[in-house]
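Line by line, the protein sequences give chains A and B. Residues in the first sequence are numbered consecutively from 7, following the numbering used here. Residues in the second sequence are numbered consecutively from 128, following the numbering used here. All residues carry an ideal CB built from backbone N, CA and C; glycine is no exception.
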Amino acid sequence: MSNADLRVDLGRGCVLPNPVGVASGTFGYGFEFEQLIDIQRLGAIYTKGTTPLPREGNPPPRVAETAGGMLNSIGLQNPGVDHVATVYAASFARWHVPVIVNVAAAAVEEYVRCVRTLDAADGIAAYELNISCPNIAHGMDFGLDPAAAGRLVQAVRGATPRCLVVKLSPNVTEIGAVARAVEDAGADAVSAVNTFVGMKVHLGLRRPVLPNRGTGGLSGPAVKPLALAAVARVRAAVRIPVVGVGGIASVEDALEFFVAGADAIQVGTANFADPSVSLRILDGLTAYAEAAGLQRLTDLRWQPAPLPA
Amino acid sequence: MLSSLSRARDETGEVLRVEQLPGGLVELTAHLPHLAATARAGEFAQLRCGPGPIPLLRRPFSVAWVDGESCSFVFERVGAGTRLLAAMRTGDMLGSLGPLGIGFTLQPSMRRVVCVAGGLGCAPFPLLAKQARTMGVGDVVILHGAATAARLYPSERFVRGVDGVRVVESTDDGTRGHHGLVVDLIAAALSDGADAVHACGPNPMLAATAATLRDLVAPRIVEASLEAPMGCGFGTCLGCALPVRRDGGTAWALCCREGPVMPMDTVDWDALRALPPAHVA
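Okay, here's the thing in structure tokens:
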């Protein structure tokens with residue numbers, strides 16, 4: 007029996023039973039994985055990005071594999087916030103696993119309407135504000151500008167008593183500034199990071215593989231070093247919990263995020279190739295903590311030396 | 128309709144043999160008892176092509192044949208994943224998640240099932256023929272076309288000793304069988320009546336099959352097995368969207384769970400044709 011306390015307190019009463027969550031967009035709303043693995047053991051399910059109205063999603067092709075990674079341009083296909091609040095949430099309420107609904111919209115008042123609609127439903131542990139979707143018009147506007155991100159979070163903070171996690175975009179010059187702005191505006195935690203804008207070219211056709219502007223969000227092991235650096239920068243910028251995400255596919259990957267400064271993690275793209283990988287990472291983290299005599303996984307955290315003047 | 132995931136299981140089994148067939152086709156057989164016991168014709172498995180992370184994702188393959196506890200898959204070397212699979216040796220371990228998706232409709236009351244197999248679209252039909260005959264379907268006619276004789280899937284591999292299975296071949300260049308397209312064979316095959324037409328092959332061939340059947344007295348059950356670039360294979364990544372007709376317009380359906388086999392009249396063939404060729408790599 008491990009002595010380690012693996013619980014993670016994200017704030018406002020949202021205490022995850024363990025640090026291993028599954029990332030938005032890689033787990034739907036849990037219903038498919040429920041048929042494949044024991045989802046109740048997970049630390050949290052971060053749902054598919056949920057928008058004010060249902061969305062059909064982008065035309066295909068929507069995914070393209072790259073070296074150690076995957077580009078996607080799904081376009082936030084989802085049934086809309088009303089359906090999630092009135093139908094899906096009833097299942098969430100029966101589940102042991104905390105469900106954190108990822109919310110995406112194009113305007114401040116739409117985010118506010120979404121969380122108010124979801125507030126009426128039980129079974130939702132927290133919200134993850136998606137201010138960083140690269141695949142819809144205006145999807146990244148909030149995530150790119152600290153002031154705009156702060157205004158959005160302030161408005162949503164005033165609208166809901168529930169825990170607010172803000173998912174940061176890596177496609178910025180200084181991610182720490184955005185993280186600080188959302189902390190100051192009342193975010194309880196941040197998750198870092200969303201996908202990186204990328205492109206795959208079809209040489210034979212002399213055009214990108216993905217439609218529209220030809221770009222998509224890059225995820226998978228290819229982005230792990232970039233995500234680790236982002237987590238370290240965010241950790242240095244804020245005091246609130248940091249949920250690390252980006253290319254985690256093994257226990258070692260997950261441990262590296264705790265060293266870089268994460269309080270919890272999300273497993274994303276790896277779920278597609280290996281539906282039970284998140285549970286194996288959970289078991290591995292538990293065993294590691296016990297073997298290393300850790301009280302908490304955050305004991306692994308690296309303390310950077312001050313930069314030379 | 129969404130496929131059930133309740134039969135899907137992640138299992139790892141030994142590769143029993145990898146056969147290099149004429150024309151660059153490869154047939155890989157592995158010990159996968161769960162898939163062998165549960166797969167229905169037209170359903171697929173997500174195969175792990177290597178230890179990763181390159182390639183990162185699994186690749187979807189129709190279950191081509193089941194013998195005892197082993198399953199066979201037929202493919203071509205088209206990319207990194209299939210090249211790794213083709214290079215596997217006896218004794219290597221293969222990961223399989225399946226069975227997944229919706230397969231072909233088969234009913235014991237069917238007197239005749241006509242299959243239209245273009246090129247690699249041969250893959251689901253050996254198992255279909257066996258399962259159809261086992262459940263009591265009268266006979267199975269497989270129309271199989273390829274660019275040239277060397278690229279035809281060997282007819283004895285469709286049959287594999289199952290009686291009541293007949294193969295009619297065509298080649299674009301006339302090197303074997305009918306000189307022309309496989310869809311040219313459909314009218315004759317239906318002339319004595321059939322209860323279902325099941326097709327698998329490149330999108331243009333499937334679209335031509337659908338168009339041909341519109342001009343004939345087609346059976347009630349007419350289905351096509353489609354493909355799309357897939358991330359997960361079980362409905363969460365939402366990557367494998369295909370255009371279908373719904374409520375008078377075009378909507379997206381997931382190939383992995385609303386397919387890969389769909390009634391032909393639900394597919395929006397014009398929209399499918401308009402997609403960039405890279406859509407099916």
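- Shown here for residue 366 of chain B: same chain residues with a beta carbon closer than 7 Å to its own, the five before and five after excluded, namely 356, 357 and 358 in chain order.
- Straight through space, the alpha carbons of residue 228 of chain A and residue 84 of chain A are spaced by roughly 27 Å.
- In the three-state reduction of the DSSP assignment, residue 128 of chain B falls in the coil class.
- Taking 8 Å as the cut-off, the Cβ atoms of residue 243 of chain A and residue 186 of chain A count as close.
- DSSP, read as helix, strand or coil, puts residue 89 of chain A in helix.
- In this structure, the alpha-carbon of residue 153 of chain A lies about 10 Å from that of residue 191 of chain A.
- For residue 364 of chain B, the residues of chain A that pass the 8 Å Cβ criterion are 31, 32, 69, 78, 80 and 278, in the order they occur in the chain.
- Boundaries of the beta strand (DSSP E) harbouring residue 379 of chain B: 376 to 381, taken from the DSSP string.
- Cβ proximity to chain A below 7 Å picks out 181, 182, 183, 184 and 185 from the stretch 181 to 201 of chain B.
- Here residue 296 of chain B is buried. Its C-beta has 16 or more other C-beta atoms within 10 Å.
- Taking a Cβ-Cβ threshold of 9 Å, the residues of chain B close to residue 42 of chain A are 132, 135, 136, 137, 224 and 361, in chain order.
- Comparing alpha carbon positions, the residue from A:313, A:64, A:122 and A:40 closest to residue 239 of chain A is A:313.
- Taking a Cβ-Cβ threshold of 7 Å, the residues of chain A close to residue 379 of chain B are 62 and 63, in chain order.
- Remark: fewer than three beta-carbon pairs, one from each stretch, lie closer than 8 Å, so the stretch 203 to 218 of chain B and the stretch 89 to 102 of chain A are not flagged as touching.
- For the C-beta of residue 55 of chain A, not a single chain B residue is nearer than 7 Å; the gap to the nearest is close to 11 Å.
- Rounded to whole angstroms, the Cβ separation of residue 215 of chain A and residue 196 of chain A is 31 Å, and the two are not in contact under 8 Å.
- Under the DSSP definition of a beta bridge, residue 296 of chain B partners with B:271.
- Of all residues in the stretch 389 to 403 of chain B, only 402 and 403 come within less than 8 Å of chain A when Cβ atoms are compared, listed by chain position.
- Judged by DSSP in its simplified three-state form, residue 47 of chain A adopts helix.
- Residue pairing from DSSP places residue 203 of chain A in a beta bridge opposite A:223.
- Across the stretch 339 to 357 of chain B, CB contacts with chain A closer than 9 Å involve 355, 356 and 357, in sequence order along the chain.
- From the beta-carbon of residue 175 of chain B, the residues of chain A found nearer than 9 Å are 279 and 280.
- Using beta-carbon distances, residue 179 of chain B counts as an interface residue toward chain A, with a partner under 8 Å.
- One Cα belongs to residue 194 of chain A, the other to residue 50 of chain A, and the distance between them is close to 16 Å.
- Cβ contact annotation for residue 240 of chain B (same chain, cutoff 6 Å, sequence separation greater than five): 259, 264, 267 and 323, in chain order.
- Fully enclosed alpha helix (DSSP H) runs of no fewer than 4 residues occupy 276 to 279 and 283 to 297 of the stretch 272 to 312 of chain A, in order along the chain.
- Burial check for residue 218 of chain B: the Cβ neighbour count within 10 Å stays below 16, so the residue is exposed.
- Contact between residue 247 of chain B and residue 312 of chain B fails: their C-beta atoms lie close to 18 Å from each other, not under 8 Å.
- Look at the beta carbons and you see the stretch 212 to 228 of chain B touching the stretch 134 to 148 of chain B: at least three pairs across the two are nearer than 8 Å.
- Below the 7 Å Cβ cutoff, chain A contributes no neighbours of residue 157 of chain B, its closest Cβ being approximately 18 Å away.
- Residue 22 of chain A is classed as buried because its beta carbon has at least 16 other beta carbons within 10 Å across all chains shown.
- Shown here, residue 202 of chain B sits in a strand according to DSSP, grouped into three states.
- Looking at B:293, B:368, B:360 and B:237, the one whose alpha-carbon comes closest to that of residue 227 of chain B is B:360.
- For residue 101 of chain A, no alpha helix (DSSP H) encloses it, and the DSSP letter there is neither H nor E.
- By the CB criterion at 8 Å, residue 351 of chain B and residue 394 of chain B fall inside the cutoff.
- The three-state reading of DSSP puts residue 253 of chain B in helix, counting H, G and I together.
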